[in-house]
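Visitor:
2 protein chains.
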Amino acid sequence: MGRPREFRDEAAVEAAMQVFWEKGYEAATTQDLCERTGLGRGSLYNAFGSKHALYEQALRHYAATKAEAQLRMLDEPGPVKDRLRDLMLGVIDADMADPGRRGCLALNAAGEASGRTGAVAGLVRRQFDDLEQAIHRLVLVGQASGELSSERPALQVARAFQSAYYGLRVLAKVTDDRATLLDVVEGAIAAL
Amino acid sequence: MGRPREFRDEAAVEAAMQVFWEKGYEAATTQDLCERTGLGRGSLYNAFGSKHALYEQALRHYAATKAEAQLRMLDEPGPVKDRLRDLMLGVIDADMADPGRRGCLALNAAGEASGRTGAVAGLVRRQFDDLEQAIHRLVLVGQASGELSSERPALQVARAFQSAYYGLRVLAKVTDDRATLLDVVEGAIAAL
DNA sequence: TCCATTCTTTACAGGTGGGTACATAAATAG
DNA sequence: CTATTTATGTACCCACCTGTAAAGAATGGA
Chain B
1 MGRPREFRDE AAVEAAMQVF WEKGYEAATT QDLCERTGLG RGSLYNAFGS
51 KHALYEQALR HYAATKAEAQ LRMLDEPGPV KDRLRDLMLG VIDADMADPG
101 RRGCLALNAA GEASGRTGAV AGLVRRQFDD LEQAIHRLVL VGQASGELSS
151 ERPALQVARA FQSAYYGLRV LAKVTDDRAT LLDVVEGAIA AL
Chain R
1 MGRPREFRDE AAVEAAMQVF WEKGYEAATT QDLCERTGLG RGSLYNAFGS
51 KHALYEQALR HYAATKAEAQ LRMLDEPGPV KDRLRDLMLG VIDADMADPG
101 RRGCLALNAA GEASGRTGAV AGLVRRQFDD LEQAIHRLVL VGQASGELSS
151 ERPALQVARA FQSAYYGLRV LAKVTDDRAT LLDVVEGAIA AL
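From first to last, the protein sequence lines stand for chains B and R.
So for the first sequence, the working numbering puts the first residue at 1; every next one is plus one.
So for the second sequence, the working numbering puts the first residue at 1; every next one is plus one.
#1: Which of the three DSSP states, helix, strand or coil, is assigned to residue 191 of chain R?
#2: If you measure from the beta carbon of residue 142 of chain R to each beta carbon in chain B, is any gap under 7 Å?
#3: Beta carbons nearer than 7 Å to chain B: which residues of the segment 54-77 of chain R have them?
#4: Is it right to say residue 145 of chain B is buried, meaning 16 or more other beta carbons lie within 10 angstroms of its own, or is it exposed?
#5: Select from R/153, R/98, R/5, R/22 the residue whose C-alpha is nearest the C-alpha of residue 42 of chain R.
#6: With a threshold of 7 Å between beta-carbons, can residue 125 of chain R be considered close to chain B, or not?
#7: Can a CB atom of chain R be found closer than 7 Å to the CB of residue 128 of chain B?
#8: For chain B, find out if any of its Cβ atoms is closer than 7 Å to the Cβ of residue 45 of chain R; answer yes or no.
#9: Any beta carbon from chain R within less than 7 Å of residue 30 of chain B's own beta carbon?
#10: Under 7 Å between C-beta atoms, does residue 148 of chain B make it to chain R?
#11: Could you work out which residues of chain R lie near residue 184 of chain B, taking near to mean beta carbons separated by less than 7 Å?
#12: Using C-beta distances below 8 Å, list every residue in its chain close to residue 132 of chain B, excluding the 5 sequence neighbours before and after it, in chain order.
#13: Is the segment 63-73 of chain B touching the segment 68-86 of chain R in the sense that three or more CB pairs, one from each, lie closer than 8 Å?
#14: Determine the chain B residues that contact residue 121 of chain R at a beta-carbon separation under 7 Å, and present them in chain order.
#15: Exposed or buried, residue 114 of chain B, counting other C-beta atoms within 10 Å across all chains shown (16 or more means buried)?
#16: Return the CA-CA distance between residue 7 of chain R and residue 33 of chain R, expressed in angstroms with no decimal places.
#17: Please classify residue 122 of chain B: does DSSP put it in a helix, a strand, or coil?
#18: Grab me the residues of residue 121 of chain R's own chain with a C-beta within less than 7 Å of its C-beta, minus the 5 sequence neighbours each way, in chain order.
#19: For the candidate residues B/9, B/171, B/82, B/36, whose alpha-carbon lies nearest to that of residue 127 of chain R?
#20: Could you name the residues of the segment 8-24 of chain R whose beta carbon sits closer than 7 Å to any beta carbon of chain B, in the order they occur along the chain?
#21: Nearest to residue 149 of chain R by CA position, among R/47, R/80, R/46, R/164, is which residue?
#22: Give the single residue among B/60, B/178, B/87 whose Cα lies nearest to the Cα of residue 124 of chain B.
#23: Give the range of the alpha helix (DSSP H) segment to which residue 169 of chain B is assigned.
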């Protein structure tokens with residue numbers, strides 16, 4: 001009972017996520033969050049408790065939407081190499097189309113000192129682990145079908161690819177040269 | 001003429017670099033900088049002008065010391081694969097020995113929104129380019145001597161390795177599992 | 001010795017940060 | 001209709017942030 005919320009929690013978290021994504025945790029102000037969510041300070045603190053708690057919610061929301069979409073992309077049919085290549089090409093398109101060069105929120109969180117301890121570190125680690133597992137499964141499929149060589153352990157291959165993936169996202173932040181990023185993609189695929 | 005400085009500029013920049021490295025640009029306060037450098041606010045602002053200008057100096061200092069040391073490591077004699085492997089193994093040792101998990105300052109700078117525009121972005125880009133060139137030279141050497149296959153363009157190989165290198169540094173921030181990181185190393189070397 | 005110059009110290013300014021208190025509004029249960 | 005519960009809006013707190021002003025301390029040169 002009691003007075004009902006005038007907003008959807010998820011919509012507010014989505015808006016907050018955008019703020020943290022653009023500015024990072026430290027640089028984002030509670031005023032930014034109020035403006036973007038459309039909430040007054042009272043409502044925002046009543047609903048989420050603190051800036052940091054809202055940040056954690058935003059990271060969870062990112063995992064459940066953006067990161068999840070990436071993982072689903074890997075489950076589509078077709079050759080394993082094509083799926084992994086499409087994952088990287090999709091990232092290049094998305095990152096270069098974004099004028100703010102926000103990159104990956106989880107990766108940004110890992111970069112800030114506040115993201116290397118406590119609950120945030122756990123959320124980031126989980127997203128990294130999920131990606132590792134998804135790639136690992138895919139490599140196993142490729143090795144089973146004979147598309148990929150089975151000379152090296154699947155987990156090692158998966159981890160090397162994952163690493164190249166994060167490196168790609170880092171590079172996409174500082175370079176405007178698509179050719180550089182495409183070299184990374186072809187290099188990573190050739191290494192499978 | 002005039003009253004002489006009571007400190008060495010480089011020592012102050014080194015101390016400031018440590019602060020930015022540990023906390024990031026946004027979270028570092030001018031008070032942190034004063035305490036760590038041992039300077040009063042007046043001296044600090046007189047010498048460096050602003051927090052942001054000092055940040056740029058710190059990045060330059062990082063490039064001239066830490067990053068430069070990495071590049072020199074690549075110039076030592078021996079097989080190309082060994083040199084590139086040692087680069088990565090050195091990073092694993094350094095990153096895991098660091099309780100603060102600070103990682104690479106340039107990479108951290110790229111993660112913060114303030115590091116994606118203006119002078120800071122340029123400084124970061126330059127460090128990335130320097131590493132790309134160093135690896136590229138090394139791959140060319142390896143291909144010329146026959147140690148590495150010449151099937152793929154040296155620049156592509158170099159860029160893929162560089163990408164894995166940055167991915168490794170990202171992963172080193174969130175995982176405590178050395179085996180994961182060693183997989184990345186072996187995967188990246190095998191891809192040469 | 002006196003001056004111009006540069007550095008150091010201290011105090012402070014103006015603004016902004018995250019967070020809270022409180023009065024008011026909107027709903028339900030009885 | 002009243003009591004209770006929950007949400008909203010406003011006003012506010014106070015700690016802290018970056019940057020500056022001003023006065024005193026060292027230097028070199030005339």
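Using N, Cα and C, we set each Cβ at its ideal position, and we do this for glycine too.
Guide: Taking the geometry as given:
#1: One-based indexing of the second sequence puts residue 191 of chain R at position 191. In the structure shown, residue 191 of chain R sits in coil (DSSP, three-state: anything other than H, G, I, E or B).
#2: Counting from 1 along the second sequence, the entry for residue 142 of chain R is found at position 142. Answer no: the Cβ-Cβ gap between residue 142 of chain R and chain B never drops below 7 Å.
#3: none
#4: Sequence index remark: in the first sequence, residue 145 of chain B carries index 145 (1-based). Exposed, because fewer than 16 other Cβ atoms sit within 10 Å of the Cβ of residue 145 of chain B.
#5: Looking up residue 42 of chain R in the second sequence gives position 42. Among R/153, R/98, R/5, R/22, the Cα nearest to that of residue 42 of chain R belongs to R/5.
#6: Here residue 125 of chain R refers to the residue found at position 125 of the second sequence. Output row for residue 125 of chain R: interface = yes.
#7: What you label residue 128 of chain B is simply residue 128 of the first sequence in a count that begins at 1. At least one chain R Cβ lies under 7 Å of residue 128 of chain B.
#8: For the purposes of this step, residue 45 of chain R is identified with residue 45 of the second sequence, where counting begins at 1. No, because no Cβ of chain B sits closer than 7 Å to the Cβ of residue 45 of chain R.
#9: On the first sequence, position 30 is the one that residue 30 of chain B refers to. Cβ-Cβ to chain R under 7 Å: no for residue 30 of chain B.
#10: Residue mapping note: residue 148 of chain B aligns to position 148 of the first sequence, counting from 1. No - not a single Cβ of chain R is within 7 Å of the one on residue 148 of chain B.
#11: To locate residue 184 of chain B, count along the first sequence from 1; it is residue 184. What residue 184 of chain B touches in chain R: 159, 160, 163.
#12: Position 132 of the first sequence, counting from 1, holds the residue named residue 132 of chain B. Result list for residue 132 of chain B: 158, 159, 162, in chain order.
#13: The segment 68-86 of chain R is not in contact with the segment 63-73 of chain B.
#14: Position 121 of the second sequence, counting from 1, holds the residue named residue 121 of chain R. Result: 174.
#15: The count along the first sequence starts at 1 and reaches residue 114 of chain B at position 114. The residue in question, residue 114 of chain B, is buried, as its Cβ has 16 or more Cβ neighbours within 10 Å.
#16: Locating residue 7 of chain R in the second sequence gives position 7, counting from the first residue. Locating residue 33 of chain R in the second sequence gives position 33, counting from the first residue. Roughly 14 Å separates the two Cα atoms.
#17: Working through the first sequence from its first residue, we reach residue 122 of chain B at position 122. Looking at residue 122 of chain B - three-state DSSP - the assignment turns out to be helix.
#18: Mapped onto the second sequence, residue 121 of chain R falls at position 121. 115, listed in sequence order.
#19: Mapped onto the second sequence, residue 127 of chain R falls at position 127. For residue 127 of chain R, the nearest C-alpha among the options comes from B/171.
#20: 22, 23, 24
#21: Against the second sequence, residue 149 of chain R aligns to sequence position 149. Ranking the options by Cα distance to residue 149 of chain R, first place goes to R/80.
#22: Here the question's residue 124 of chain B lines up with position 124 in the first sequence. Out of B/60, B/178, B/87, B/60 has the C-alpha closest to the C-alpha of residue 124 of chain B.
#23: For the purposes of this step, residue 169 of chain B is taken as residue 169 along the first sequence, with counting starting at 1. Segment 154-174, the alpha helix (DSSP H) holding residue 169 of chain B.
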